[in-house]
Each structure stands twice: as structure tokens, then as C-alpha cells.
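6 protein chains.
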Amino acid sequence: MTTPPLAQGTLDRLQRVATATLSTQLFKLGFRNTYLSGLRALSPGLRMVGEAVTLRFVPAREDLATFEHITKPDYPQRAAIEACKPGQVLVVEGRAIEAAAIGGDIYMNRLKVLGTAGCVVDGCVRDFASIQALEFPVYARGPASPPHPARHLAVAWNVPIGCCEVLVMPGDILVGDADGVVCIPRHLTDDVARSSADLDELESFVVEKIKAGAAVPGTYPPDEKTRAEYEAWRKKL
Amino acid sequence: MTTPPLAQGTLDRLQRVATATLSTQLFKLGFRNTYLSGLRALSPGLRMVGEAVTLRFVPAREDLATFEHITKPDYPQRAAIEACKPGQVLVVEGRAIEAAAIGGDIYMNRLKVLGTAGCVVDGCVRDFASIQALEFPVYARGPASPPHPARHLAVAWNVPIGCCEVLVMPGDILVGDADGVVCIPRHLTDDVARSSADLDELESFVVEKIKAGAAVPGTYPPDEKTRAEYEAWRKKL
Amino acid sequence: MTTPPLAQGTLDRLQRVATATLSTQLFKLGFRNTYLSGLRALSPGLRMVGEAVTLRFVPAREDLATFEHITKPDYPQRAAIEACKPGQVLVVEGRAIEAAAIGGDIYMNRLKVLGTAGCVVDGCVRDFASIQALEFPVYARGPASPPHPARHLAVAWNVPIGCCEVLVMPGDILVGDADGVVCIPRHLTDDVARSSADLDELESFVVEKIKAGAAVPGTYPPDEKTRAEYEAWRKKL
Amino acid sequence: MTTPPLAQGTLDRLQRVATATLSTQLFKLGFRNTYLSGLRALSPGLRMVGEAVTLRFVPAREDLATFEHITKPDYPQRAAIEACKPGQVLVVEGRAIEAAAIGGDIYMNRLKVLGTAGCVVDGCVRDFASIQALEFPVYARGPASPPHPARHLAVAWNVPIGCCEVLVMPGDILVGDADGVVCIPRHLTDDVARSSADLDELESFVVEKIKAGAAVPGTYPPDEKTRAEYEAWRKKL
Amino acid sequence: MTTPPLAQGTLDRLQRVATATLSTQLFKLGFRNTYLSGLRALSPGLRMVGEAVTLRFVPAREDLATFEHITKPDYPQRAAIEACKPGQVLVVEGRAIEAAAIGGDIYMNRLKVLGTAGCVVDGCVRDFASIQALEFPVYARGPASPPHPARHLAVAWNVPIGCCEVLVMPGDILVGDADGVVCIPRHLTDDVARSSADLDELESFVVEKIKAGAAVPGTYPPDEKTRAEYEAWRKKL
Amino acid sequence: MTTPPLAQGTLDRLQRVATATLSTQLFKLGFRNTYLSGLRALSPGLRMVGEAVTLRFVPAREDLATFEHITKPDYPQRAAIEACKPGQVLVVEGRAIEAAAIGGDIYMNRLKVLGTAGCVVDGCVRDFASIQALEFPVYARGPASPPHPARHLAVAWNVPIGCCEVLVMPGDILVGDADGVVCIPRHLTDDVARSSADLDELESFVVEKIKAGAAVPGTYPPDEKTRAEYEAWRKKL
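If you're matching them up, the sequences are chains A, B, C, D, E and F in order.
-18 is the number of the first residue of the first sequence in the numbering used here; add one for each residue after it.
-18 is the number of the first residue of the second sequence in the numbering used here; add one for each residue after it.
-18 is the number of the first residue of the third sequence in the numbering used here; add one for each residue after it.
-18 is the number of the first residue of the fourth sequence in the numbering used here; add one for each residue after it.
-18 is the number of the first residue of the fifth sequence in the numbering used here; add one for each residue after it.
-18 is the number of the first residue of the sixth sequence in the numbering used here; add one for each residue after it.
This is the structure we're talking about:
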């Protein structure tokens, strides 16, 4: 669970590649469960890249999940948010609950002001319309009105969590686009970013060929001729 | 199940407060199950406030759920719609069925012409695109094409119903915004409207502070200093 | 499973009628399970009409669902796509899986270039935003990033399939609009198209009446007076 | 919703036929939704036949679902139980909730003492082991400990209800065996009992033939030769 | 999260009261979510009472959930099991997964030898038949064959967990019978045990009265006369 | 999809090993999805080993799923059953439907008379109690009364199918015990049977050690000392 520094250029590369390409490359490396299924992009036009700060909720209990308790500064939700650094992503184990919100525009605005890269919630958020207008990447199951102590109690942060049945470790790299969110194990990130950038470039070329009328066989995956055309096209970029 | 008159100003207040604030205030009063989870706002930009007229469907049976039967004027669905008064909300127990529509643009146009405040369906509606364009608040699980007798039979109206696993009594007050729909027990409405309006105003101030760079601790919930700033800000409004 | 030619005018009629009307007419003929529940229109403003080419996936197994295997020209997914003719609709048995994509913009662009009428997937697609921008009718459960061999293996095409728990036979007629997708058994299509076009026209008239203030009883279904007005209105068209 | 008297012999016939045969005969008459899916027989060795007394629950609300309220003699649950006559079956709309019990051995013992024929709950019961030992036919989703006001509020009895997404009208005939529970619309009961008794007898003969080594084709459905053997066998009974 | 000693007699009392009575008493104290819904008693004839040792699993990842890693002595699953003391209950956050086993007869035999009071798994176990024959209280969702690293990775023990969407803190008291499992917050246990023992005794008397023909009203809840009979009956015990 | 002969002794070995051991060995070979989750053993005391004959159902359509059609000798369900040879297992793609039965005691008796090794249904069966008494291994989701054309239409047999979201190819080897059913890819069977028999024997020894008081660390997986004891114990067998 160490977080070695990423290679220069890795985050830039990740800004340009599709999550579909990333999950394909991870799949080829034997990682079959890296896509956080069931989430909705509140701002599908934005991309999100950043390292995970994790936050763990457990089911609420009436004597513990009180407004007094959840507003203490060291309440894990609050501590985690204030500890987030620019470029990080807050990832929340919300246990797929759709009948309560983890938070709303107060917390999302705070995360934006702090310069974080986004927020991923395996659960719901309130103030849905405001957050959609915020120009800040948020992924959640949908909107909900009830306050979080109706169902949730935060108990820890920066521990390994399960989010949409995917393991997320603090320091793992989360990437989001309109297709959803992929979690890249930290130690694989440099390699995956590099191979994905290459594959993504090839696929852009392929889509152009297909639009121009090429059949799929021979074009994707590229046969020798297409591969040569691609290399030529690439040089011109 | 009586429906005492609401205090003057209550409906106006409810027009301005978030459903998230309402469900928070109800939660503080011990009402933990007032949010209708699983619905989608067809017009998320509109707000809805009004008292419930309820409509109950049970599963269809082939000899009863006939087109002849469901088009009689005293069929509960038709009777309920025609009985709706301006400002009321038709709330439909649709048993969460996603494979048939409760109705479509004929009924929704009729409800709009009658001056009702909206319609809430724990089920689906047909003519989804037309209804989205109608400028009339409708909440449903989504679109569906099949006619309602494929799955439903209306048997009663203005009886207590379960809608999204929340009790809705005739006369309860339904409030909807982009986060979804909350059902306020009739006898609590005046109090909840008042306390929610106050809380909502405070939260608007807090969001501004957060956007300007304030940390969450000290700002929300407000410490003495923030509280004083808020009181000053409030006076200027 | 023969595919007799459709009557002239049938496809044109289907371009103009609502899927809600089609499922109503099929229901009256005793066909209660023709609506593909659970799908989302990626381009809800487009309509889709065409005959089914079917594609069957089964669960993946690690030794068979390899990238080498799935890129062979005779892999059923590839063979089915290349075999699609203008005006056909590719319908995919994706077993409701939401954790992997059946394909993405490469395949959807190819289907568009080939002149097909659309694609229906009981599963997910990658490159969601690109496909939404493609002006090509696609219906799927939503976006997903992982490549299809993570969960799927194509084994056959143009066989009877189950799609969203509805039987789809090769040659059946699929119609889609913003309410979703209906599958019309081939041999019923001419009749259903004709009766639906009539019903749809009547309902357009009815909606206008309702908007102008008519009550539902007497207007829908039309009594003698409304029927006469409708016939008059119809002649003026 | 009238309850005409049943023909003499109908209830006796129903005591001997399988629910599988009954749902087959109902299916042939066009009734496709008569089986209450998802229930468990607490005493799978007992059969249950009787007419429905229905009981409707809606979601609980904290101010209404109080122990004081639910123990009043006219609380619908209590009123319904005390009104049950010998041979009737109490059928409960429990909305498929698995996190609270509708009742337990107090109510089940009372129903047994009253001579009722059984109890069907689309929900759970407490005191599961005691009820299993009671020699009284109960069908439910399973056991649960929490008291019913945790999730339920009874609001009416002897109204049409939905139970496991099947319509149950007061007076309908419920039949249960180890395969589950079927609801026969009242007015069809005499006919269905008669035709099912015949089919069931034939199937008993067929099973014997199959056990003795006959192939399925020719034996079921019976060809002329098997039919003749059956008629001979029948005469000997 | 302190674990103050329980009063003398508390555990004995809990050995005699129904989980249904316990959840009723907790409900009256305002604790509405204490029942672990969805579990199956592998030995429904046994009762279980003991304090929680908790174990947390998160989703597996291919590089971490290796057989080498999960068999290290300090792997949290192994450490937790070896740390269990007589009378404790191991409670496992298994995220409701039904496609892999948390463990099997090796671990359950070890827990029995150690003198623990039982094991509760929000997930599945292998060696189902052996465990059913073990005379050791185990509660799980059902059987499953695959080894736990197929879906799970243990990361911590004796932390607060969610089990069947109920909060379980280390030191909380778990009670199980044929109706399922209830989690009593530690600090409420003495009181709840006392009031439940009283209520349970009353209900035993009531069931006898009902079996003897008493109507429910007047008997439960007891009116003055029944209450007096009960007090007399009680003295004779 | 060829079915090479199995090595001598393979089937015997599979008769003695637990499905948990088989899925563990398959998992170690990289096959993560071989367990058919969600099934119930109707006779949990019986074991099942045999090669798959597959049967595919799709959703019913009213004009095709008629009793006339489904009783023709070449109807795929009937053809598949009559074609089953001694030692084979009929595996049915029942699409997880719980509201209709695939068949009942007629078909199960026929399969038993034919000497087949069992039947696996990703769906339900009627005549549940009779089949439980049959001494024939059947695995299904549970009982259901309605006839199969209410939801299903058989369209092919001995094609690749998905059963409980696991790929089953004709000729694959199915093994069932009280923990459920595992599908072993044909070409891996000899190896998996051999390695599983070894592992199973070791685990039997380990369970004995644990019962006698050994701690898990050092015993499982076995350290050098335990391994030596095991080898000694093994020689004595």
C-alpha cells in the first residue's frame, strides 16, 4: 500500500485516454475487476484523473449517527475532505445505498476549492442540479435528498475500501470519463498509461478509417497494410 | 387522516426550500422514511408542491384489466384524475413495475389543464419525450411503452398508499425538485416548512462562504463567528 | 422463422407511430411481452425501424474469450456486423450485464456506414458520448468501459435470442423511439402497422382536444361526438 | 367481486390436485399470472385450500405505526384475523419486505384455532420454528425478527390486493402445496377444479409408465395407445 | 467502542429470549435497524449468544488476493480467528456476495475448538453439509464452492463493520435463533436482556391462552384480567 | 468444442472430491467463473458427476410457445432428453426465471430411467417434493408451478449455453455436491480431477488435526512438520 511517485507524463497521458482503453489494458494484464459499474457522471463532458483518498462508511446506528457527532472536525468524512490535496480524488464506500445522500454542494464546492480532481461515490448526492452546474467531476449513483446519518456512519479514511465491488486502495489512480470510472492499481499506472496512450491513438485512426468506409476485418485489429498506413498517419501528427 | 388547513405562507415557503432540507428536518423529528427513492424528474428544472390525491393499482388479471373496463368513467384512475383540484398532486402506487406505463401524454395534459401541481408515479410513463416538453412536474421510474392493463389494475383512490416504500396519505404534502420527491405528513407541514426555510437560507450563505474558500469546520455547522456573519448577511437581504 | 416480404407502406407507417401504440395493438392481439424493458435510448430524438439480425453472447470463459479469438473474421460478432444490410437492426443478447461493453464506436460507426437502421443491446456500450453524437439509433442499458471478453463470448448469429426477456427472431421488426424498443413478430407486422397508424392519428387528435380543455371521459376513448369531430378533422389533413 | 357459492365437490377436488396442474389449466384459459412466486412453504407436507380473506399493509410511518395503534381491536390486522371463518385463508400484502415480520405464533395459533385453512404472506414471519411445528399451512418469504411496525402499517382488509405481483380478490380460492401457492379467480374455480382433477389423474398414470421405462414421446401427451391403456387403468381404480 | 463488562445474568437471559423479542425491545428504544436480514441458520435448532469479533473483507484484486498472501499468519482472517476467545462470535462483512465462500469446515471447526459461540457471515460458506452437522451455530447466506480470493480480500479485524446493512461494533452482542440474528449495541445489552426476558415470559403465557381458544383482543396485549391471570401463572412457575 | 475421451479414473476421482476443491483448482489455473451460483440441491446428500448435454430456452412468445408445439417429439427439450445417454447431465439455460417451471417429475423420472447422472436448471421445477424423493441429483433455483410455455421456449440443444452466468459447453464435466455445481472445461478435467483428489485428501487430514485442537497456522496450509505427518498418515490408509 505504498504510493511510489508516478513517472513524469503519466498523468498527462491519462488525461487523453479513454477509460475503455484503460480497462482493456488492465484486462490484458490479468486485472478483470477495475471498472466501477453502476455510477453516473454528473458532468459527462469532464474528465477526471487523480489519486485516491478513500472514505469508508458503515451502516448508521441511531445513537452514533447523530448530527452532533457527524459535524465534529475529526469525523472521518470531514477529516478526509479537509486532508485532500490538489489533484486527488475522494472515493467513498457508500454501499450502493440509493435512499440517502453522502453529501451535497457544500462538500463538493469545498473539494473544488481545494483543487481536488473529483469525487466518486458508490451512493447518492443531494443538490444534484447544483453539482451538475459546478464544472467539477463527480460520479455517483444518482440524486437523493435524505441526510447521510439516515443510513451511513463514517468510520475511517485512507483505508482500503470496496467501491462498486472494486477494491480501491489509497494512492490508486482513478480515471473517469463519460463511460464511467476505472481504478488503476498504483504500481501499474505508468505502464498502463503508456500502453493505453498508444492503443488509444491507434483506435482514433481506426475510427476514421471505419467512418470512411473500411470494413472491420483488416482494419481492427489492423493487418499489415492498415498498420503501415497508421504508422504513416502517425508520423504526420 | 384528516386534512386540516395549512398555515398561510406554508406552500410559499415550500416552493423555496430544497427537498434535501425537508428530509433533514423530518429526520430530526424522527421521520426516517419520507423520501421516494428510485424516481426520475422528467423536468428537473421545475419544482413541485401540492397535496396528495392517491391512486392505487394492483396486479392485472386478464378478465378484469380489459380496455372496456379501464375506460369506464368510474374506473378509479379516470375518476381520480377528473377529481384532482388545482394545486394537488396525483400520487400513484405503481408497485415499481418498469415493464408497463401507467399512462402518457393524454393524462398528463389533462392534469396540467386541470391546474394540478404535478404527478408522481412509482412506475413508468409512455410518451416520455412529450411529457418532458410539457413544462409540468412529473416524477416516474422511466419510460415504458406497454399499456397499463398489461400489468396494472386501478382499484381505489384517495386511500393510504405505499409509493416507493413510503406511506402517502391523501392530503399529505408532496414536494419535488431535482433531487427527487419528499412526502411531508400533513400535520407536520407548517412546522417543517418554517424550520426548513430557515435552514435553507443558512445553507445558501454557507455555500457562498465555502465557494469563497472557507473550510467546512467552523462554517458548517456555523460556529459563533460564522453565525454572526450570517445574521449580518441576513439583515442585508 | 421465415421472413416473408412486408407489404408496401408498412415500414413508412412504422416510422410514424409510437412504440406505445404498437405495444398496445400487440397486446390486443394477445402478445403481452414485446417491449424491451430496461434500455436507454442513446439518441432519444431519433426513431428506429428495421428487421432484426440477431447476435448471441454466452458467458466468457478464460480460454475461449481471448483477444485472438474475438478478432477472427468469422467470430460471430464480426460476421454478424459485416453481414448486416441497409435497413436492418443488429439485436444483441447481452444478458443484462452492466459490467462490460459489447462494443463501441468502431462497431457503431461500421453499422452506420453499412446503412443499418440501428443497434439494440441488452447490455452496455463503450464510447458512450461518441455514440450519442453519431446520429445513429442505439439502445443499450448504459455505458461501460471493460472489453467484451471480460464477460461475454459470441457464439452464434441469426438464431432466436432473448433480449430483455423478449423473444427476438431473425426477421422480426424492431421499432424504437424515446419510450424504448418494441419487437413485432414478423408475420404480424403489416397488420399492426396499419392498425397502429390509425390509432396513433386518433390519439394525436385526442391530445389536442385535451390540451384545449376537454375532459378525458368522452374524449378518450372517443364517444360518438368526438369520433365525428375526429373524422371531420381527419378529412382536413 | 361477488363470491358465488362453489359447486359441491370443488374443494374436495382441489385437495387432490397439484398446484402445477392448476396453473397449467389456468394458463390454458388465458390466465398467465396466478402463481405467487417467491414464497416458501413452512410445512411443505401440508396442502392448503380455502377462500381468500385479504389484508393490506402499506409502509409504516413513525407517528402511525405505534404499538398503541396496532393493538387496538379494530386495527385492520386484528379485525381481519378475528373475522376469519373456518376454511378461509388469510392472504397478506406484505410488499415483499424481508426485514420485518408480519406476525408470529400468536396470530398463527389464533388462525389455527379459528379453523382457517392457512395463511399466505408476501413478507416474513417471526417464531419460524414454532410455526413450522404447528401443523398449519403457512407460506411466507422466510423468517424475520423485527416487529411489523418497523416497516408495515395495516390499513384495510377484504379489498383487492397484490400478493407476489398476483391479484388476489376476497373470495378467490388459494391452493398451496410444496410447489407454492396458486390463486384461482373465484368464478373459474369449479371448472378449473374439474379439469385439473382429470389432468392430474392422467399425469399420475403417465409418471408410472415413465418409471416403468416408457419414453416421453407417445406417453405424454398420450397417443392413442397410451390413452387406451389409461382408460383401462382408470376403470380398475 | 469500549466494551464495559455485562451485568451478571445478562448472557443467561439472552440464552432464553427470542430474537423477535429482542428486536421489538430495541425498536421501542428507537433502534430500528438491528436485524441481520438475508441470513440462513445452518443449525436452526441451536441458539447463539456472544460478543462480536469483527472481520472486514473488501473486493479482491488479482495481485493481492493470492493464496500466498491469504495464508500468512497475520492475514486478518487468520489473525481474527486465532484471536477469538471462548464465548465470542466472529462476524464477517462479506458484502452479500453469493458467488464465493468466506471459508469452510477448517475454519468453523477451529472456531468450535476455540470455544467461540458462533459465526455470522454476510456471504457464503463451503462444506455446507459438514458445517450443518457440526453442532456449531453458523449463519450465512448459503453455500458456495469458490475460494474466497475469487471475490474477497481481508484487510482488517475488530473494526466497525456493516453486516447485512446493520452496524456491528466489536463488543456488540449478537444473538441468533431460528428467526435469524440480532445485533445489540453493547451499552444497551443489560437493559434489553432484562426487559426482553419479561416480555418473552408474558408471550409464552399468551401463546398458551391463544392455543386454548382465547381471542387475540384482550389477550395480547393483555387487558387487566389477562394480566392478573399471567401474574398468578407466573408465581406458580 | 470437441469432446476427447477422459482418462481412466477421472470420473471416479471426481466422485470423491468436493466442488469447493474443484473450483479452487480451477481458480489456480486462471478459471474464475466455474461455479453455478444461485442453485439449490434438491437432494443435497447425493453427488453428481457427468458430461453436459445442454438445452437452450429463450423467452416465450404466445404464437410459438403452444402446448401443441412443445409436445412434438422434435421439440428441443424432448429431443435433448431422449438423446441423453447414461452418465450424462442435462444442463438447462433457464435464464434465472423463478415464475415458471422447466419441467417436473415426468421428465426427471425419464432422465433417471435413462441412467443419466443428473439435471441442472438455471430456473425452477414443478413437483418439487416428488423430485426430492426421487434419489436423483437435481439442482434448480427452487419450486414453481406454472408450465414452461408461460415463460420459456426451447430452441436448441447441445449448443454452448450460459447457465447461472457460467459458460457450459456440450461435453464439459459437471460436478455437484451440497455446496452446488461446478462446470469443468472438458480439456482440463483429467488434470483438475487428479490435483483435486490430492488436495481433498490433504484437507481431510487437516480437518482431523483441527478437530483435535491444532491451530490453523502451521496446519493449513501445512508446514513441513504437518506435511510429514500427513505423508505418514497417508501411507497408513
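Glycine included, every Cβ here is placed at the ideal spot set by N, Cα and C.
Check                                                                                                                                : Outcome
Beta-carbon gap between L119 (chain C) and G194 (chain A) smaller than 8 Å                                                           : It is Val, not Leu, that sits at residue 119 (chain C) in the sequence shown. Not a contact, by the Cβ cut-off of 8 Å.
Cβ of I51 (chain E) within 8 Å of any chain A Cβ                                                                                     : no
Residue nearest to A114 (chain D) in terms of C-alpha spacing, selected from D:Y201, D:G26, D:P198                                   : D:G26
Residue from E:A98, E:A196, E:T0, E:D55 whose Cα sits closest to the Cα of G199 (chain F)                                            : E:D55
Cα-Cα separation, S111 (chain F) to T97 (chain D)                                                                                    : 27 Å
Local Cβ density within 10 Å of R132 (chain C), reported as buried at 16 or more and exposed below that                              : buried
Local conformation of I191 (chain F) per DSSP, three classes                                                                         : helix
Close-in-space but distant-in-sequence residues of the same chain around C164 (chain A) (CB under 6 Å, 5 per side omitted)           : T15, V147, V149, D153, L155
Chain F within 8 Å of V72 (chain D), Cβ atoms only                                                                                   : no
C-beta neighbour in chain F for E79 (chain E), strict 8 Å                                                                            : yes
Residue closest to L180 (chain C), alpha-carbon to alpha-carbon, out of C:L45, C:R28, C:L3, C:L(-8)                                  : C:L3
Segment contact, 8 Å Cβ cut-off, at least three pairs: the region 67 to 74 of chain C with the region 25 to 45 of chain C            : yes
Buried/exposed call for M(-18) (chain D), threshold 16 Cβ in 10 Å                                                                    : Only weak support exists for where M(-18) (chain D) lies, its pLDDT of 46 falling under 50; the coordinates are left without a value.
According to DSSP, residues forming a beta bridge with T35 (chain F)                                                                 : F:V72
Rounded C-alpha distance that separates R208 (chain B) from E189 (chain B)                                                           : 14 Å
Positions along the region 151 to 175 of chain C whose CB lies within less than 9 Å of some CB in chain B                            : D158, A159, D160, G161, V162, V163
For D86 (chain E), the first and last residue of its enclosing beta strand (DSSP E)                                                  : Unbroken run through D86 (chain E) is the alpha helix (DSSP H), 86 to 94; no beta strand (DSSP E).
R21 (chain D) - DSSP class collapsed to helix/strand/coil                                                                            : strand
Cutoff 6 Å; reference A41 (chain A); Cβ partners in own chain excluding five residues on either side                                 : P130, R132, H133, L134
Interface residues of chain F facing F12 (chain C) [CB-CB closer than 9 Å]                                                           : R42, E43, D44
7 Å CB neighbourhood of T(-9) (chain F) in its chain, flanking five on each side removed                                             : T170, D171, A174
Extent of the continuous alpha helix (DSSP H) to which H50 (chain A) belongs                                                         : 48 to 51
Inter-residue Cα distance where the pair is E43 (chain F) and F12 (chain C)                                                          : 6 Å
Under 8 Å between C-beta atoms of R107 (chain A) and G85 (chain A)                                                                   : yes
C-beta neighbour in chain D for G143 (chain E), strict 8 Å                                                                           : no
Neighbour flag for L148 (chain A) against chain E, beta carbons, 8 Å                                                                 : yes
Minimum C-alpha distance to Y211 (chain E) - residue among E:V102, E:K192, E:E184                                                    : E:E184
CB contact flag (A77 (chain D), G99 (chain D), <8 Å)                                                                                 : no
Cβ-based neighbour list, A159 (chain C), same chain, cut-off 7 Å, excluding 5 preceding and 5 following                              : A22, P25
Supposed contact pair T52 (chain E) and P128 (chain D) - C-beta distance, whole angstroms, cut 8 Å                                   : Contact doesn't hold; Cβ gap of about 45 Å is too wide.
Run of the alpha helix (DSSP H) containing D158 (chain E), from where it starts to where it stops                                    : Counting along the chain, D158 (chain E) falls outside any alpha helix (DSSP H), though it belongs to the beta strand (DSSP E) covering 154 to 158.
Reduced DSSP secondary structure (H/G/I, E/B, other) of I165 (chain D)                                                               : strand
Bounding residues of the alpha helix (DSSP H) (the contiguous stretch that carries I62 (chain D))                                    : 57 to 64
Where Y201 (chain E) falls: helix, strand or coil (DSSP)                                                                             : coil
CA nearest to the CA of L45 (chain A), picked from E:G157, E:P141, E:Q(-4)                                                           : E:P141
Chain-order list of residues whose beta-carbon lies under 7 Å from that of A178 (chain B) (same chain, five-residue window excluded) : R(-6), R(-3), V(-2)
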